[in-house]
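Start counting at 1 in the sequence shown, then tack on 2, and there's your number in my numbering.
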Amino acid sequence: MTVLFSKKCELAIQAVLFLSIKKEKLIYNAPAISKELKVPKEFVSKMLQTLTESGIIGSKKGKNGGFYLARKPSQIKLIEIVEAIDGYDVFKTCVLGFPDCGDENPCPVHDSWGNIRDETYHMLNNETLEQLKEKTLRKIISS
């Protein structure tokens, strides 16, 4: 069960991490990525198109087409993927969905959630794909 991000965003992070451990500019088509991540190809294709529009992923059309990282892994932060797919709303809205939740009118978990939200944002904004390479390799190989 996801708590912070949509399923599409979780998959986007996984797909970009997958591409980050591959040789630079090597192209993978949606069926290959979906097989590796064990998710439907159509779902992967739509999500990769969104990432292409954001400039995180590059694409090549045609028979031998597919997707690749548009920039070096050291230049891509996790927060960019989250922003491209889910936006920043998760970092601005009440985790319980209360309207007008804020410092003046807090929900029951406002302060606790604020700390978790801020730590999560900080981690996503500081972690690059390059920094996660070894852990990603271990995770993808073991899956």
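We put the CB at the ideal spot given by N, CA and C, even for glycine. Small disclaimer: the values here were computed from a predicted structure and weren't measured.
Problem set entry | Residue of Glu132, Val18, Lys94 and Tyr123 minimising C-alpha distance to Gly57 | Here the closest residue by C-alpha is Val18.
Exercise. Residues bridged to Ser61 by DSSP?
Worked result: Beta-bridge pairing links Ser61 to Phe69.
Exercise. From Val97 to His112, what does the alpha carbon distance come to, in whole angstroms?
Worked result: When rounded, the distance between both Cα atoms is 8 Å.
Exercise. If you draw a straight line from the alpha carbon of Ser61 to that of Glu44, how long is it in whole angstroms?
Worked result: If I take the Cα positions, the gap works out to 16 Å.
Problem set entry | Span separating the alpha-carbon of Pro110 from that of Lys10 | The alpha-carbon of Pro110 is positioned some 29 Å away from that of Lys10.
For this session: Answer with buried or exposed for Gly64, where buried requires no fewer than 16 other C-beta atoms within 10 angstroms of its C-beta.
Result: So Gly64 ends up on the exposed side.
Problem set entry | Cβ separation of Asn117 and Lys79, assumed to be a contact under 8 Å, to the nearest whole Å | Approximately 21 Å separates the beta-carbon atoms of Asn117 and Lys79; this is outside 8 Å, ruling out the contact.
Exercise. Comparing alpha-carbon positions, which option in Glu38, Leu28 and Ala14 lies nearest Thr54?
Worked result: With distances taken between CA atoms, Thr54 lies nearest to Ala14 out of Glu38, Leu28 and Ala14.
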